[in-house]
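Residue numbers (the numbering used here), protein chains in the order written: chain U, 1 to 330; chain D, 1 to 430. The structure appears right after this line, and notes come after that.
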Amino acid sequence: MSLDLPLVFAALMGLAILLYVVLDGYDLGVGMLMPAADAREQETMVASIGPFWDANETWLVLGVGILLVAFPAAHGIVLGALYLPVAAMLIGLMLRGVAFEFRVKAEGWHRELWNWLFWFGSFLASFAQGLMLGRYITGFHSGFGYYLFAMLVGASLCGGYVLLGATWLIFKTEGALQKKALAWARWGLIWVALGVALVSLATPFVSTTVQAKWFDFPRTLALMLLPAATLASGWLVWATTGRLRRGEREWDWMPLAATVAIFALAFAGLAYSLFPYVVMDRMTIWEAASHPSALKFMLVGVVIVLPFLIAYTAFAYRVFRGKARAGLYE
Amino acid sequence: MISAPMDTSDVLLLARAQFGLNIAFHILFPSLTIALGWILFYFRIRYARSGDPAWLATYKLWTKVFALSFAMGVVSGITMSFQFGTNWPGYMHKVGNIAGPLLAYEVLTAFFLEATFLGVMLFGMNRVPGWVHIFASAMVAIGTTVSAFWILALNSWMQTPAGHVMDGGQIIAGDWLQVIFNPSFPYRIIHMLLASGLTASFVVAGLSAWRLLRVGDDVSARKTLRTGLVLAAVLAPLQVWVGDLHGLNTLEHQPAKIAAMEAIWKTGKGVPLVLFAIPDDEKRRNDFSIEIPKGASWILKHDGEAELKGIDAFAPDVPPVAPVFFAFRVMVGMGVLMLLAAWGGVWATRRGMLPQRWMLWTFSAFTFAGWIATLAGWLVTGILRTADAAGGVSGAQLGASLTGYIITYTVMLLAYMVVLTHLAGKGAHA
């Protein structure tokens, strides 16, 4: 039996994008939460993401890289249609990336300026990513309703990243900052719940393809497991943050884990809606795929490199395990 | 409001300008970090061997410079991965089955390696045993070098393609080893690695000189000034030699490019070397030229009477002469100046001597000399050769985003230089 290479690469691309969203999501979320913390807390927040953010963003390069090299025809269409939000996202990512480095070396009002740019860049990148998602899942149709929908997704994704960032801080910090993060997480959860509900309800209306896939009895019943599990994960975030607020010290990782589950479930739902299209209603993964010789050669690399990649990523997280402390460069 | 519809050639120009700007901006930072990673590794080893706190302070200062430069490279590199398909779709359409996998290998084997171990290198010194930290520093340096390997493989394949076959109208790889190790690859990769070494050593020497100017004397800055100058003094002549070999390789595989670089319009024997001129692409001749008789024949064929092909031999597919000619002269000119500065500097710092202030000023002025040479070098290479129509992106969108990029890049570059000089001014013990 020969391997269905486009399918394999679609799965890899999905994995890379999901990992990017979860990993860069928490550090973008921490960036957006910066103004809500005082100066000392900000140092701890930055220290908690310092060792990771470079590698986190690399998953975006891999995801887009796979789109470019495995599905070149789709790369042009998708990113061409999303040109402005992509540019906004890139400028946001650039600003926050360099602001992260510059703020440590700056003093006085310079540091304030870089702090502000760090927040602004994080927000711009997050909102633009949501906008891209909103435009993408509706097949880039133009019209007021579609743009409104995209803005809605943009706002929801910001809420999602704030939730990820807050639960990351619950896991990685302690004391007063952790207390604050618990409150942020609950606000983030409400925001996400609203966003996910609106998007889930709106998506079938803006796309008949999606509607047909979800409202198809009896399959619909099995599919309802996804929203049910999402609800359960949301409840878990709410319940565990409540316990931690009452002074419980165990299970500080649980809100983060449950949030990651929400993202993974939402992602699975989206993947189900889209498959087998790489451009909604226009181009399937097989139509967009590049030549088998190119895909085979890349697959060899992926199979060899991926175990190492996972191993040293795990190693880095192990080195920086435990609660983060300010004073990053000491 | 009425706006005239944009000519497709204007849209194409904007798309190319944007892509060119991003490449030029991006290349600045890898060209520094490739070699700086190894210089850091050297500092780290010196500290591990000696236990001297001055080496530790030096190492810590330069990891900050590295982190800053690396971050600039990462964020501008992300931009590149998006624009390959949007600003240059014809490119992926034509050679995507070759270019794609090479880029993918870069991400897989280099980007993750350097980004992940950079975290350990920057923030993990007190959390891991010494040898693990040294290992992380080595991985970062290896990562940046491997990254250069794949990009140069792709770039040189585009210049001197090999190992590919046609399959149903698509260009695909027949033999990946031949694709990667294509005829000009060994010359280009070594040329680029040496260029990076020179760029980094002048940044190290230049910022150290700046520190010495600010405070008069500083143990750490003396060490790094000497390190940078010695490294540059060794690499500069090597670069001249490799550059010459590279030129001969180009003559063999891309004679039209040599004709443009040297502004040779007519095929002939005993061709003079044009030191300076203003090439006129319209009239196909040089104005105000200063020449060395038989020089080009001698340099390129090592025989003063040898025949060289001129631009006329390649008509009508003629490359633009003036930009390549000038860029080549800027590159070589900068190279010669850097060689002189490095040798003078090694002499001036012999036996632990502190150079005179005018020399320190010179080194400071040369801090980013490598960038000028590198950019000129890439212009000679001509990476923007095969642009086709920009797909589906309107001129207005391109214009708006280009404005955004220009503002962002200007702010970033200015801030980068200010912070670098600020860091250097504070010195290693701050």
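Don't be surprised by glycine CBs; every beta carbon is placed ideally from N, CA and C.
Within its chain, find whatever has a CB closer than 6 Å to the CB of residue i; leave out the 5 residues flanking it on each side and keep chain order.
i, result
"Pro-276(U)", "Thr-284, Ile-285"
"Glu-305(D)", "Lys-269, Gly-270"
"Ser-69(D)", "Phe-29, Leu-32, Thr-33"
"Ala-424(D)", "Leu-207, Trp-210, Arg-211"
Suppose contacts are defined by Cβ-Cβ distances below 7 Å. Is residue i in contact with residue j by that definition?
i, j, result
"Trp-55(D)", "Tyr-47(D)", "yes"
"Phe-82(D)", "Leu-82(U)", "no"
"Leu-169(U)", "Ala-181(U)", "yes"
"Leu-68(U)", "Phe-202(D)", "no"
"Met-334(D)", "Ala-373(D)", "yes"
"Ala-369(D)", "Met-298(U)", "no"
"Thr-199(D)", "Pro-183(D)", "no"
"Ala-288(U)", "Ala-74(U)", "yes"
"Leu-113(D)", "Gly-143(D)", "yes"
"Leu-212(D)", "Gly-345(D)", "no"
"Gly-119(D)", "Ala-16(U)", "no"
"Glu-174(U)", "Lys-323(U)", "yes"
"Val-185(U)", "Thr-230(U)", "One detail in the question is off: residue 185(U) reads as Ala in this sequence, not Val. In this structure, Thr-230(U) does not lie closer than 7 Å to Ala-185(U) by Cβ."
"Arg-49(D)", "Ile-134(D)", "no"
"Leu-133(U)", "Val-153(U)", "yes"
"Thr-58(D)", "Thr-224(D)", "yes"
Are there 16 or more other CB atoms within 10 angstroms of the CB of residue i, so buried, or fewer, so exposed?
i, result
"Val-215(D)", "exposed"
"Asp-317(D)", "exposed"
"Ile-290(D)", "exposed"
"Thr-386(D)", "Confidence in Thr-386(D) is poor, its pLDDT being 44 and thus under 50, which makes the residue's placement too unreliable to answer from."
"Ala-389(D)", "For Ala-389(D), the predicted model reports a pLDDT of 45, less than 50, meaning its position is unreliable; a value from the coordinates is still stated below. Exposed, by the Cβ-count rule."
"Met-1(U)", "Residue confidence for Met-1(U) is low, a pLDDT of 46 falling below 50, so the modelled location carries little weight; the figure read from the coordinates is stated next. So Met-1(U) ends up on the exposed side."
"Asn-126(D)", "exposed"
"Pro-401(D)", "At residue 401(D) the sequence reads Ser, which differs from the Pro that was named. Under this definition Ser-401(D) is a buried residue."
"Leu-66(U)", "Contrary to the premise, residue 66(U) reads as Ile rather than Leu in this sequence. It counts as buried."
"Leu-90(U)", "buried"
"Ser-142(U)", "exposed"
"Glu-226(D)", "Just to set this straight, residue 226(D) is Arg in the shown sequence, not Glu. So Arg-226(D) counts as buried."
Would you please verify whether the beta carbon of residue i is less than 7 Å from any beta carbon of chain D?
i, result
"His-141(U)", "no"
"Val-98(U)", "yes"
"Met-34(U)", "no"
"Met-1(U)", "Reliability fails at Met-1(U), whose pLDDT of 46 lies under 50, so the model's placement of it is uncertain and no value is given."
"Tyr-312(U)", "yes"
Using a Cβ-based criterion (distance less than 6 Å to any ligand heavy atom), does residue i qualify as near the ligand MG?
i, result
"Met-359(D)", "Judged by which ligands are present, the structure shown has none, so any question about the ligand MG falls away."
Below 7 Å CB to CB, which residues in the same chain sit around residue i once its five sequence neighbours on both sides are set aside?
i, result
"Ala-261(U)", "Ser-233"
"Ala-296(D)", "Glu-262, Ile-264, Val-271, Pro-272, Leu-273, Leu-308"
"Gly-159(U)", "Gly-188, Trp-191, Val-192, Gly-195"
"Glu-106(D)", "Ser-147, Trp-150, Ile-151"
"Pro-279(D)", "Ala-263, Asn-286, Val-321, Ala-322, Phe-325"
"Gln-211(U)", "Pro-204"
Between residue i and the rest of its own chain, which residues show a CB-CB distance below 8 Å, the 5 nearest in sequence each way excluded?
i, result
"Ser-290(U)", "Val-69, Ala-70, Phe-71, Pro-72"
"Trp-253(U)", "Phe-171"
"Val-242(D)", "Tyr-187, Ile-190, His-191, Leu-194"
Measuring only between beta-carbons, confirm whether residue i sits less than 7 Å from chain U.
i, result
"Thr-386(D)", "Model confidence at Thr-386(D) stands at a pLDDT of 44, short of 50, so the residue's coordinates are unreliable; what they give is reported in the following sentence. Not closer than 7 Å to any Cβ of chain U, the Cβ of Thr-386(D) fails to qualify, so no."
"Gln-18(D)", "no"
"Ile-383(D)", "Because the pLDDT of Ile-383(D) is 47, which lies under 50, any placement of that residue in the model is unreliable, and the question is left without a value."
"Ala-424(D)", "no"
"Gln-170(D)", "yes"
"Arg-49(D)", "no"
"Tyr-105(D)", "yes"
"Leu-100(D)", "The sequence shown places Gly at residue 100(D), not Leu. For Gly-100(D), the answer is yes, since a Cβ of chain U falls inside 7 Å of its Cβ."
"Ala-173(D)", "yes"
"Ile-142(D)", "no"
"Ile-406(D)", "no"
"Arg-127(D)", "yes"
"Thr-421(D)", "no"
"Asn-22(D)", "no"
"Ala-67(D)", "yes"
"Ala-115(D)", "yes"
"Gln-356(D)", "no"
Any C-beta of chain D within less than 9 Å: which residues of the region 131-160 of chain U qualify? none
If the cut-off is 7 Å on Cβ atoms, which residues from the region 177-200 of chain D count as contacting chain U, listed in chain order? none
Which residues of the region 82-98 of chain U have a Cβ closer than 8 Å to any Cβ of chain D? Give them in chain order. Tyr-83, Leu-84, Val-86, Ala-87, Ala-88, Leu-90, Ile-91, Leu-93, Met-94, Leu-95, Gly-97, Val-98
Using a beta-carbon distance cut-off of less than 7 Å, what residues from the region 334-348 of chain D approach chain U? none
Using a beta-carbon distance cut-off of less than 7 Å, what residues from the region 271-301 of chain U approach chain D? Ser-290, His-291, Ser-293, Ala-294, Phe-297, Met-298, Gly-301
At a Cβ cut of 8 Å, what residues of the region 283-316 of chain D count as close to chain U, listed as they run along the chain? none
Going along the chain, which residues of the region 50-62 of chain U sit with their C-beta nearer than 8 Å to a C-beta in chain D? Gly-50, Pro-51, Phe-52, Asp-54, Ala-55, Glu-57, Thr-58, Leu-60, Val-61, Leu-62
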